[in-house]
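See below for the structure under consideration.
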Amino acid sequence: MKRKLFFVPLLLVTALVACTSSPTPTAPPPTPTDTPEPVPTATAVPEAEEAVEPGGIEVALTLVTIPDQENIALVNGEEIPTALYQAELERALYSVTAQYAVDWNDPENRSPLPSFQEQLLDQLIDRTLLRQLASQDEITADAEDVEAEIALLQAQIEQDASFADWESFLVENNLTEEVIRSLIADELLVAALVEKHGGSQVSEQVLASHILVETEETGQEVLDKLAAGEEFGALAAEYSIDPGSKDQGGDLGWFPRGMMVPEFEEAAFSLEPGETSDLVQTDFGYHIIQVYEKEERELDPALYAQAQQQEFQVWFETQRAEASIERLYSFAE
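Numbering (this note's numbering), first residue to last: 24 to 356.
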């Protein structure tokens with residue numbers, strides 16, 4: 024299966040719009056939640072006779088701060104030039120302005136800009152550190168792989184009705200093929216680092232079920248019925264408020280560490296096969312967990328991809344904490 028590259032300029036678009044969006048409620052099961060796609064807020068249009076030309080990219084470029092200094096950060100002694108930061112910022116603003124028709128005359132659209140500039144600097148620091156870590160591991164991006172990814176991206180863009188053609192995509196996002204080549208090379212380095220530091224596909228897992236209830240009193244009632252010999256699956260169907268598992272007798276299937284909230288995970292992995300927990304309280308309510316099997320086993324591909332990303336993130340945060348990072352400018356108001 025062809026791997027989908029994480030395209031950095033589009034991430035920056037999402038990051039800016041996320042700053043202006045209201046938080047979205049998340050679903051309740053004890054599993055990690057994805058970050059929802061942000062939706063830009065529509066700006067009211069004045070009456071025709073009072074219409075004001077929306078503030079486009081030219082306005083946006085007058086609102087951001089460009090430090091009057093040669094470098095903007097140091098990563099393990101490596102300089103990040105302010106000119107590089109400015110170029111990345113302009114590309115990000117071109118993208119968000121073109122794709123979301125942002126009116127930069129609207130004060131609500133201006134207010135998150137300092138935070139966005141800080142996020143952009145964070146990403147430049149991370150990309151610099153990741154290249155350094157790849158070099159330490161003697162990982163390089165193969166030129167043929169980079170060109171193949173560019174060809175794939177171009178084919179996708181040309182099939183996308185949002186852009187007339189490849190050249191339109193480049194112009195609207197203030198990009199060049201050389202910039203895209205650099206971004207894709209970085210992504211290939213990251214992919215190789217994830218493979219190396221993302222952990223094994225084989226890990227300890229448990230096969231378990233649970234019953235989730237709202238109150239401690241209800242949980243104790245379920246525990247009493249279990250002690251009296253009633254069947255776990257039947258009680259899950261009757262009592263559990265977890266819509267994803269109650270109709271399956273509370274079955275959660277096999278799962279490794281890192282997939283559940285900490286309190287739930289700690290209880291589940293402390294049980295031996297055949298054991299049932301007491302009440303386990305989490306933010307979702309009170310759980311009764313029954314473990315059927317526990318063993319080292321291979322993760323299915325979807326779970327492995329998730330666990331691999333989590334393991335890599337832990338590794339990278341450790342490397343970042345140990346790195347010498349100097350921010351030479353702050354955009355915070």
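Note that beta-carbon positions come from the ideal geometry of N, C-alpha and C, so glycine has one too.
Nearest-angstrom Cα separation, counted from residue j out to residue i
i: Pro53; j: Gly222; result: For Pro53, the pLDDT reaches just 35, beneath the cut-off of 50, and the residue's location in the model is therefore unreliable, leaving the point undetermined.
i: Ser138; j: Arg150; result: 19 Å
i: Glu161; j: Gln155; result: 10 Å
i: Gly79; j: Gln109; result: 18 Å
i: Pro285; j: Phe292; result: 11 Å
i: Ile348; j: Ile103; result: 11 Å
i: Ala259; j: Met282; result: 21 Å
i: Asp165; j: Ile312; result: 48 Å
i: Glu261; j: Glu289; result: 26 Å
i: His233; j: Asp301; result: 11 Å
i: Thr105; j: Leu193; result: 23 Å
i: Leu400; j: Gly276; result: Outside the shown range of the chain, which is 24 to 356, sits residue 400, and nothing can be said about it.
i: Val387; j: Lys248; result: The chain is shown only over 24 to 356; residue 387 falls outside these bounds and no answer can be derived.
i: Ala208; j: Val169; result: 6 Å
i: Glu101; j: Val217; result: 23 Å
i: Val87; j: Arg204; result: 26 Å
i: Glu254; j: Ala328; result: 35 Å
i: Asn197; j: Arg114; result: 5 Å
i: Leu351; j: Ala96; result: 5 Å
i: Val303; j: Ala330; result: 24 Å
i: Glu316; j: Val213; result: 35 Å
i: Phe354; j: Ile148; result: 15 Å
i: Ala346; j: Asp145; result: 14 Å
i: Tyr123; j: Phe287; result: 41 Å
i: Leu107; j: Val125; result: 24 Å
i: Ala231; j: Ile264; result: 17 Å
i: Ser158; j: Leu246; result: 56 Å
i: Arg280; j: Gln336; result: 15 Å
i: Ala257; j: Gln333; result: 35 Å
i: Leu136; j: Glu195; result: 20 Å
i: Ser191; j: Gln177; result: 11 Å
DSSP beta-bridge partners of residue i
i: Leu230; result: Trp277, Glu316
i: Ile311; result: Ile234
i: Val303; result: His310
i: Ile348; result: Val98
i: Val225; result: Glu321
Where the alpha helix (DSSP H) through residue i begins and ends
i: Ala215; result: 200-220
i: Val119; result: 105-123
i: Ile173; result: 166-182
i: Ala250; result: 239-250
i: Asn132; result: 130-133
i: Ala355; result: Run containing Ala355: none; DSSP gives neither H nor E here.
i: Val194; result: 189-195
i: Ile80; result: 80-86
i: Glu93; result: Neither: Glu93 is in no alpha helix (DSSP H) and is coded neither H nor E.
i: Gly256; result: 255-262
i: Glu298; result: Premise fails: Glu298 is in no alpha helix (DSSP H) and is neither H nor E.
i: Ile148; result: 136-159
Cβ-based burial, residue i [other Cβ within 10 Å; buried from 16]
i: Val225; result: exposed
i: Val98; result: buried
i: Gly252; result: exposed
i: Gly308; result: buried
i: Pro266; result: exposed
i: Lys219; result: exposed
i: Gly273; result: buried
i: Ala38; result: Only weak support is given to the placement of Ala38: the predicted model assigns it a pLDDT of 36, under 50, and the value that follows is read from those uncertain coordinates. It counts as buried.
i: Pro130; result: exposed
i: Val111; result: Reading off the sequence, residue 111 comes out as Glu, not Val. Glu111 should be labelled buried.
i: Asp306; result: exposed
i: Ala121; result: buried
i: Pro324; result: exposed
i: Asp91; result: exposed
i: Ser134; result: exposed
i: Asp183; result: exposed
i: Asp270; result: exposed
i: Glu210; result: buried
i: Val119; result: buried
i: Ala171; result: exposed
i: Ala83; result: buried
i: Gln179; result: exposed
Contact with chain D by residue i, beta-carbon distance below 8 Å
i: Gly272; result: In summary, chain D is missing from the structure at hand, where a single protein chain is found.
Residue i Cβ short of 7 Å to the ligand ATP heavy atom set
i: Gly267; result: This structure does not include the ligand ATP; it has no bound ligands of any sort.
Closer than 8 Å is the cut-off here; do at least three beta carbon pairs connect the segment 340-352 with the segment 287-297? no
Using 8 Å as the cut-off, can you tell me whether the segment 235-243 makes contact with the segment 187-205, which would need three or more C-beta pairs spanning the two stretches below that distance? As far as the Cβ criterion goes, the segment 235-243 does not touch the segment 187-205, which means the pair count is below three.
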